[in-house]
Every structure is written in C-alpha cells, then in structure tokens.
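In my numbering, the protein residues as written are 59 to 168.
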Amino acid sequence: MDRKDLLDLATARARAANLEFAGQVTPAEAHQLFEEGLATIVDVRTRPEWEFVGHVEGAPLLEWRAYGAREPDPRFAEKLAARFAKDEPLLLLCRSGVRSREAAVAAARA
C-alpha cells in the first residue's frame with residue numbers, strides 16, 4: 059500500500075471511531091510509514107522508559123508526562139508544534155497506546 063492509501067485508511071479509521079486526531083494506524087502500517095521515511099515516530103513515553111526499556115532508533119523523545127508526574131506536560135502541544143511541521147505525518151508511540159492517544163488528542167486540539 060502506498061503512503062496516500064495508508065494515510066487515507068488511517069483517516070477513515072479515526073473518523074469511524076470518532077477520534078479527535080487525524081488518523082490511526084496499525085503497528086505494521088506505522089513500521090512501513092517510518093521505514094519508508096513517510097512519517098516520523100515521536101516517542102511520548104518517559105525518559106527512563108526511553109533510556110532503559112529501549113527506543114526506536116531515530117525516534118525523538120517528547121514526554122507526554124514526565125516520570126512521576128501526575129499531569130501531562132502542559133506545553134506538550136507547543137513543543138510538538140515547535141519541532142515538527144503542521145502537515146508532517148507523526149506517529150505517536152507509547153507502551154500501551156493510552157499516552158499516545160491522549161497526546162494525539164491534545165495536539166489535535168491545539
């Protein structure tokens with residue numbers, strides 16, 4: 059599947075699920091988009107997870123919630139916007155999908 063087809067499918071999934079962000083991809087689709095240089099993976103886990111559990115080579119860390127923090131970083135969307143172009147496809151990564159979904163909603167609302 060080419061980039062346009064993958065992104066169209068991701069958009070359709072997000073709309074069908076009434077998500078507030080642009081799209082939802084499977085792990086296999088995310089891997090394809092990343093490997094082909096068609097999207098950037100942004101790791102939203104904590105720094106300790108990134109350092110000690112491991113991370114995707116080349117995927118920058120932008121913590122949604124710092125280790126031990128109860129609340130998300132209030133400047134997350136601002137930091138994301140400062141680092142990436144608005145039209146650049148971003149794939150937010152965490153351990154279970156909860157933080158990446160929360161971060162995607164915050165970014166979409168900003």
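Beta carbons are placed, not taken as given, at the ideal position from N, Cα and C, and that holds for glycine. As the structure is a computational prediction, the values presented were derived from the model and not from experiment.
- Going by DSSP, T98 is part of the beta strand (DSSP E) stretching over 98-101.
- DSSP links L149 through a beta bridge to I99.
- Here A135 has A164, A165, A168 as same chain residues with Cβ atoms under 6 Å from its own Cβ, once five neighbours each way along the sequence are excluded.
- For V156, the enclosing alpha helix (DSSP H) begins and ends at 156-167.
- Within the same chain, and ignoring the five residues on either side of L150 in sequence, the residues whose Cβ sits closer than 7 Å to its Cβ are V100, V102, S158, A161, A162.
- In this structure T104 touches E121 by the C-beta definition: roughly 6 Å separates them, less than 8 Å.
- Looking at the backbone, the Cα of V111 and that of R128 are separated by about 21 Å.
- Closest in alpha carbon position to K62, among L77, N76, G81, is G81.
- For L119, the beta-bridge partners assigned by DSSP are D101.
- Taking the C-beta atoms as reference points, D131 is found no nearer than 9 Å to R141.
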